[in-house]
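Working notes, beginning with the structure itself.
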Amino acid sequence: MRRSGPITRPAIRDCSAVPSRNATSRSCPGPSSSRPRRSRLEPRQADGTAFDAAAIGDRSVFLPADHDYRDVPIYWRPDLAAGASFQGPALVAEPQTTTFVTAAFTGRIDSKSNLVLEKV
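Using UniProt numbering, the first residue of the sequence shown is number 1, and each one after it goes up by one.
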């Protein structure tokens, strides 16, 4: 049963007393108590060479420093190999989140697929 209106303590108590029909459906508002999914990025070996990452597209983003919108490259993190690097501003997208990298930073992928941001 879906509820509408503000979330109140009595509404939360009522929801928690009603068992869910199955683990994937929720009838109560608010945060889920389920665990987040783990990323499936596998460690990759770097061959020691750095290279420019290939953008998959671009998106118009408001940059406060410029007081205007600007097209910035988008990088798909699962496709970035160890050693890939890029200059901000940029967006790094992945299944669970998107990271905005300002012009004050460069980004690179290390041998364990970590996104490493370094101030320029």
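Cβ atoms here follow ideal geometry from the backbone N, Cα and C, with glycine treated the same way. Here the structure is a predicted model, which means the values were calculated and not measured.
Top-ranked residue by Cα proximity to residue i, from the options
i, options, result
"ALA53", "ASP110, VAL120, LYS119", "ASP110"
"LEU91", "ASP79, VAL101, THR97, VAL120", "VAL101"
"TYR75", "ASP58, ASN114, ALA65, ASP68", "ASP58"
"PHE62", "LYS119, ILE56, VAL72", "VAL72"
Residue i and residue j closer than 7 Å at C-beta
i, j, result
"GLU94", "ARG77", "yes"
"LYS119", "ALA103", "no"
Outcome for residue i when other beta-carbon atoms lying within 10 angstroms are tallied against a minimum of 16
i, result
"ALA82", "buried"
"residue 141", "This structure gives no information on residue 141, because the portion of the chain shown stretches from 1 to 120."
Residues of its chain near residue i, where Cβ-Cβ distance is below 7 Å and the 5 sequence neighbours each way are ignored
i, result
"LEU80", "ALA53, ILE109"
C-alpha gap between residue i and residue j, whole angstroms
i, j, result
"ASP68", "LYS112", "36 Å"
"residue 156", "ASN114", "As shown, the chain starts at 1 and ends at 120. That puts residue 156 outside it, with no answer to give."
"ALA84", "VAL116", "10 Å"
"ARG70", "PHE51", "24 Å"
"ASP66", "ALA55", "22 Å"
"THR97", "SER60", "18 Å"
Proximal residues to residue i (C-beta, below 6 Å), its chain only, five neighbours per side dropped
i, result
"GLN87", "THR106"
"THR99", "VAL92"
Short CB-CB distance (under 7 Å) between residue i and chain C
i, result
"SER60", "Although the question refers to chain C, the structure presented lacks it and comprises just one protein chain."
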